[in-house]
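Read the structure below first, then the notes.
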Ligand code: HEC
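Residue numbers (the working numbering): 1 to 288.
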């Protein structure tokens, strides 16, 4: 039967080619990304290239990519509790910045009034605990810091890693556009569909809020806010937006663990936050 495979392959390829040609003719124009990242098969290594958007002096998209792919360890602020060692561990398919099969667990319970309460997780044989935190970290630098979800925290959900490619475009959408879409849904569906626009704080602009658009619950409205969270929640790397680790058990570094790099990017976030089609430039080069 193996001899049949090549012909089936040719057939599938032929159908795809016809299908893609059709899409190319009728489909919308591709949005121009700020830069392109070759796949691992095309061009191994961190070799993102600009699609025409100027790279700031001393900085390149390829350099940004290396930061996104950097494997952290205890000396660079990993842990004490964490899920993975690099952003690209979870955001990789088909190139750095994409999604992946990675899921994370969130846990908590409902109180007597049916309100959700985030988990309190004992660590260190019950000598310490991590309180008020629904995200449960799968890994730890030392066994004493390892989290185990108590049975009582019986509301649990898995969240898959999201694609971040193109998020620069999403960040650029004005609040009023999202609010108008939510309003329009009510009108065209006779009230049956009602998209909810939630207002969330912008961590890097104290006192300001914006319509949420990132994460499964639209919990952030700016990429920088999300990234500050991700550095802490996924890797345990504290930064100026999330300056404290969730436990001191197993901690060997001083907070904040992420500090401005030699481009001084921590102080120039706003001027550098120009419109970009892909986001890990901001994830990495804006030292948090
Ligand atoms: C252990 C896996 C993991 C690691 C490591 C990780 N992420 Fe994520 N990422 C996720 C998951 C899961 C989500 C969805 C989170 C949610 O809303 O519940 C996500 C969501 C995001 C989003 C929101 C995407 C959108 O369009 O809504 C951004 C931005 C992001 N991550 C950036 C980063 C950056 C930057 C890093 C490194 C500092 C990083 N992530 C590290 C798993 C990971």
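Just so it is clear, CB atoms sit at the ideal spot from N, CA and C, and this is done for glycine as well.
Excluding the 5 residues preceding and the 5 following residue i in the sequence, name in chain order all residues of the same chain whose CB lies nearer than 7 Å to its CB.
i           : result
residue 69  : 46, 86, 88, 96
residue 251 : 80, 245
residue 219 : 200, 212
residue 149 : 107, 119, 121, 136
residue 138 : 83
residue 243 : 255, 256
In whole angstroms, give me the CA-to-CA distance for residue i and residue j.
i           : j           : result
residue 197 : residue 215 : 13 Å
residue 246 : residue 128 : 11 Å
residue 176 : residue 206 : 21 Å
residue 226 : residue 84  : 16 Å
residue 66  : residue 254 : 24 Å
residue 241 : residue 203 : 6 Å
residue 153 : residue 101 : 25 Å
residue 209 : residue 194 : 21 Å
residue 155 : residue 63  : 41 Å
residue 174 : residue 116 : 31 Å
residue 223 : residue 233 : 15 Å
residue 51  : residue 239 : 30 Å
residue 26  : residue 43  : 31 Å
residue 140 : residue 104 : 15 Å
residue 38  : residue 48  : 7 Å
residue 146 : residue 192 : 45 Å
residue 35  : residue 41  : 18 Å
residue 60  : residue 99  : 23 Å
Only counting the same chain, and skipping five residues up and downstream in sequence, which positions put a Cβ closer than 8 Å to that of residue i?
i           : result
residue 237 : 72, 76, 77, 78, 231, 257, 258
Excluding sequence positions up to five away, which residues of its chain have a Cβ less than 6 Å from the Cβ of residue i?
i           : result
residue 157 : 106
residue 21  : With a pLDDT of 45 at residue 21, under the threshold of 50, the modelled position of this residue cannot be trusted; read the value that follows with caution. Excluding sequence neighbours, residue 21 sits near nothing in its chain.
residue 130 : 121, 246, 247
residue 178 : 197, 211
residue 132 : 118
Report the three-state DSSP secondary structure of residue i (helix, strand or coil).
i           : result
residue 93  : strand
residue 237 : coil
residue 118 : strand
residue 143 : helix
residue 71  : coil
residue 103 : strand
residue 128 : strand
residue 88  : helix
residue 184 : helix
residue 112 : coil
residue 50  : strand
residue 209 : strand
residue 149 : coil
residue 199 : strand
residue 160 : strand
residue 227 : helix
residue 246 : coil
residue 62  : helix
residue 36  : strand
query = Is it a yes or a no for the region 90-106 touching the region 155-165, going by three-plus beta-carbon pairs under 8 Å?
reply = yes
Stretch-stretch touch, CB-based, cutoff 8 Å, three pairs: the region 113-125 with the region 183-190 = no
ask   = Contact between the region 47-58 and the region 108-118: three or more CB pairs below 8 Å?
value = no
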